[in-house]
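Asks: This is the structure I have questions about; it appears just below.
Protein chains in written order, with the numbering used here: chain A, 2 to 320; chain B, 1166 to 1483; chain C, 9 to 424.
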């Protein structure tokens, strides 16, 4: 009677792949999805739909007289004129967007590598040799998150002016004869600015992972005769691979869209891809061009993102 | 130290007038190099150098907000003119900066109140919901986390000026929508990490004891998630008060520009120490929010946990 | 071992089939959702003449000005959208006190950015300061409302006759605009590093002189930048649509920015030139005069110099004030315009803050130096009616020309 029915229901739920949570617990099928529904609808409207509008604007037209963007929502009427025009500015004969794109690639690569090398060193030291001061180190590591990126780069900009402390210090050490204008469009300044801004995002995941490495594993390696370098290379590094990957993704991908570092520390000579988008969106009549630039960037970034998501999924499943 | 490492030769301590012979000095360094548990000096100096590099510029910027002159780099004496003194340009008298402070607090407060519940609910639902739609939603959420912010800003700008042209006017409402969209993935990630470590036993136990699903979530799961939820509130607040990419595109005039956008515009033009003061103010409000979060968290969990509370709270920042 | 959510082929086919059926509905819904307002509603004539100084244009009356007996809005907030630092704060607070209102001052740093924001509906100001080259477009897009002349009596009392009878070349009969200031565009320089003779000999080439490598500033404004480059290259049509001219101008600017380490700024003249960061700069006359307020302590105003061609026409222009159709307080906006055109207010605004002269009959350009308003070394920055009549003025470009210009500007900003 009722009890038997309940038991039968439970058994059926256990057997079905969806809607069951674990053994023996009964939830209605709509229960958990209803938790996720508000955020899903939100993301669907304000993220996915927004991208569809970007595509519609990029493949739409421009009102010829007033140059307002006219988005075209039906795919069969999309015109690729502006998009191919923008592409030709990257790879064609008169490719004047190409230097900015190449520059972005170089700056991001250099900054990411520097972040990785420096960040790994700091994370390694803090996690293994922190000792009594670990609390203090932790606060110092996390504090950049609470200080806005803008303030840190702005503080850095104040130091780099011609009468700033950097020039004063370098002249004091007799490294330069007269003050150098660091802010007139030097790649070094921009790359170091990017490193300065993003390195905390690299250190924290690596620190988190290294902190969790069991000390016994390292001692085991040592007992088996490995030198410190070998222990690092063959034990520590492979164990921290996931964290390195996470750090690289969190650092590199946003860097591709960074335009404010160059705005504050560089000039048009060091313009990055983000500056192209920012300039375009602020000029009238440039809606489709801005849309095309955004689409190109998303497509280029989608591959590393998908790769990262697959590897995290596998790691989570194997954990 | 094993016998093999003990040096059998007599090592004299150098007297006041003599330096040790070269062989002894190199032997000391070689001994340091050979010691497998040595403290790495290179890495150590690198780390301390990094901390100095990381915090000193900010400290200097804060100090210069009290500068007596217009310069951000040459100290001309202590004064409060950029905070309260100057009747037109100081932080608390310039009506434009005044508005900006309120706008910053308004935006981050409302964003925090919207994003954290949305994200938490999503994380709880996603963790238990099996299916391809769940994987799709999960993927999109993570996508919004690693995406460069300018892409989201431009996309929302185009959305609000084309499709939703008559529904949503640019301004505070649009800025909040944009900020929540950008921030909602933070609570999701934090809460999911916590959920993974909690497991389902507690809820199952509650339901075996007769609780309904809603009751078990409300009275068992949510309290267990307190650390993560609090960390999310603090993180979302801190992150949105500093955001300037999205809100700049979605602003509609000086009265909807928060302090971060004002700092950005000023930094590109001709910043005075008033900008330093504004940035210091933002920094202070973030710190207060974090400290408040820790204090409230410790108070709420005072029965359960020991002084691991702060460390756990801090751990969620990662 | 297959993962649980791996798709089988049948599921894949089913899914794509359903998606293919569902997707076309989405765009149709979206297209229906976007209200007809997204397409411009204004009717445009089949031929629209582009205004030029020698071909004045009378803009059509679209809509009616507000009635003269509209009451002044009480306790309102007046939204002003203007260049950064372009009205004295004291002038604004005087207006706030006189009319018991609040003024919200939003600033832009380039005319293009302002146009973009206004046409996107992002900003709905009560008072807007565009340039003459955009007013035609704004009127045909129904973005500006006609002015009620009875509410702005100071116009006929104080302003140069040429601006209201018959009216300026871009807006005959001053239906939509009043002038705010007049200006010339030339080259500002530090007299302690460049002598007056060198400046007079160099002219525009002063900005391209390798001796000032790294200390050159140029305006981050497309019309001014390309316009001056055209003049430097020897052209005479600053609104040219000729690809060769534009390319040559673009190349000259690129050479300035990359070869000579120049910077694009919008406030380089009144902030950074006095500080010594720049030696030569493309400058509007008013910026150079305002620079005297940013000089460090102990430096006299004779360190500032300004060059503008004396024997031939140079770049001149004026800024205008208009009222958008989206204004919430149009009556108050009219009062604001009238207030700025008041002889005393306008003069003080100019003398104590902006440095840009308003075209008032009460101001005698020859006396400005004697009055101490303009430093002696900057006497060339004074703008006379004669200069305005004969100078080159930046005007609205044809769509084809604008395409070329924006393409060149894109390239310049991309740092190619």
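C-beta: ideal position from N, C-alpha, C; glycine also.
Using CA atoms only, rank isn't needed, just tell me which of A:57, A:257, A:276 and A:87 is closest to residue 299 (chain A).
Replies: Answer by Cα proximity: A:257.
Asks: Under 9 Å between C-beta atoms, does residue 133 (chain C) make it to chain B?
Replies: yes
Asks: Check residue 200 (chain C) in the structure and name its three-state DSSP category.
Replies: DSSP places residue 200 (chain C) in the coil class of the three-state scheme, outside both helix and strand.
Asks: Which same chain residues end up closer than 8 Å to residue 333 (chain C) when comparing Cβ atoms and leaving out the 5 residues on each side of it in sequence?
Replies: 71, 150, 151, 152 and 153
Asks: Going along chain C, which residues have a C-beta under 7 Å from residue 1420 (chain B)?
Replies: 112
Asks: Would you kindly check if the distance between the Cβ of residue 244 (chain A) and the Cβ of residue 282 (chain A) is under 9 Å?
Replies: no
Asks: Quick check on residue 117 (chain A) - is its C-beta less than 9 Å from some C-beta in chain C?
Replies: no
Asks: Using a Cβ-Cβ cut-off of 9 Å, state whether residue 284 (chain A) counts as contacting chain C.
Replies: yes
Asks: Report buried or exposed for residue 287 (chain A), applying the criterion of at least 16 other Cβ atoms within 10 angstroms of its Cβ.
Replies: buried
Asks: In terms of alpha-carbon separation, which member of C:107, C:125, C:108 and C:105 lies closest to residue 114 (chain C)?
Replies: The option with the nearest alpha carbon to residue 114 (chain C) is C:125.
Asks: Kindly indicate the opening and closing residues of the beta strand (DSSP E) around residue 116 (chain C).
Replies: Bounds of the beta strand (DSSP E) holding residue 116 (chain C) are 110–116.
Asks: Against residue 1417 (chain B), what residues of chain C qualify as contacts under a CB-to-CB distance less than 7 Å, listed in chain order?
Replies: By Cβ distance, chain C contributes 130 and 131.
Asks: Using a Cβ-Cβ cut-off of less than 9 Å, give me the residues of the stretch 79–100 of chain A that come near chain C, in sequence order.
Replies: Taking 9 Å as the Cβ-Cβ cut-off against chain C, the residues of the stretch 79–100 of chain A that qualify are 90, 95, 96, 97, 98, 99 and 100.
Asks: With a 10 Å radius around its C-beta and 16 neighbouring C-beta atoms as the bar for buried, classify residue 100 (chain C) as buried or exposed.
Replies: buried
Asks: Are the beta-carbon atoms belonging to residue 174 (chain C) and residue 64 (chain C) less than 9 Å from one another?
Replies: yes
Asks: Where do the N-terminal and C-terminal ends of the alpha helix (DSSP H) with residue 327 (chain C) fall, by residue?
Replies: Going by DSSP, residue 327 (chain C) is part of no alpha helix (DSSP H) but of the beta strand (DSSP E) stretching over 323–329.
Asks: I think residue 72 (chain A) touches residue 54 (chain A), with their Cβ atoms under 8 Å apart; what is that distance to the nearest whole Å?
Replies: 6 Å
Asks: Considering only DSSP beta bridges, list what residue 1330 (chain B) is partnered with.
Replies: BP columns for residue 1330 (chain B) are empty, so no partner.
Asks: For the alpha helix (DSSP H) containing residue 413 (chain C), name the first residue and the last one.
Replies: 407–421
Asks: Quick one: which residues of the stretch 1325–1344 of chain B get their C-beta closer than 8 Å to a C-beta of chain C? List them in chain order.
Replies: 1326, 1327, 1328, 1330, 1331, 1334 and 1335
Asks: Along chain B, in chain order, which residues have C-beta atoms closer than 7 Å to that of residue 145 (chain A)?
Replies: 1219
Asks: Taking C-beta to C-beta, are residue 294 (chain C) and residue 406 (chain C) nearer than 9 Å?
Replies: no
Asks: What whole-angstrom Cβ distance do residue 160 (chain A) and residue 1225 (chain B) have, given they're in contact under 8 Å?
Replies: 7 Å
Asks: Taking residue 1 (chain A) as the reference, which of B:1399, B:1298 and B:1317 has the closest Cα?
Replies: With chain A represented from 2 up to 320, any question about residue 1 (chain A) goes unanswered, as that position is not in the structure.
Asks: Please state whether the Cβ-Cβ distance between residue 1305 (chain B) and residue 1347 (chain B) is less than 9 Å.
Replies: Result no, Cβ atoms of residue 1305 (chain B) and residue 1347 (chain B) do not sit closer than 9 Å.
Asks: Would you identify the three-state DSSP class for residue 148 (chain A), choosing helix, strand or coil?
Replies: coil
Asks: Is there at least one Cβ from chain B nearer than 9 Å to residue 387 (chain C)'s Cβ?
Replies: Taking a beta-carbon distance threshold of 9 Å, residue 387 (chain C) does not count as an interface residue toward chain B.
Asks: Quick one: give me the first and last residue of the alpha helix (DSSP H) that residue 300 (chain C) is part of.
Replies: Counting along the chain, residue 300 (chain C) falls outside any alpha helix (DSSP H), and DSSP gives it neither H nor E.
Asks: Would you mind working out which of A:102, A:108, A:106 and A:56 sits nearest residue 83 (chain A), comparing C-alpha positions?
Replies: Looking at the Cα atoms, A:56 is the closest of the given residues.
Asks: Could you tell me whether the stretch 343–360 of chain C touches the stretch 273–290 of chain C, using the rule of 3 or more Cβ pairs below 8 Å?
Replies: no
Asks: Between the alpha carbons of residue 337 (chain C) and residue 84 (chain C), how many angstroms are there, rounded?
Replies: 7 Å
Asks: Based on the DSSP output, what are the partners of residue 84 (chain C) in its beta bridges?
Replies: Paired residues: none, contrary to the question.
Asks: Please list, in chain order, all residues of the same chain as residue 1420 (chain B) whose beta carbon is under 8 Å from its beta carbon, the five residues on each side excluded.
Replies: 1264 and 1268
Asks: Residues bridged to residue 186 (chain C) by DSSP?
Replies: C:329
Asks: Exposed or buried, residue 179 (chain A), counting other C-beta atoms within 10 Å across all chains shown (16 or more means buried)?
Replies: Exposed is the label assigned to residue 179 (chain A), since fewer than 16 other Cβ atoms lie within 10 Å of its Cβ.
Asks: For chain C, is any of its Cβ atoms less than 9 Å away from the one on residue 1434 (chain B)?
Replies: yes
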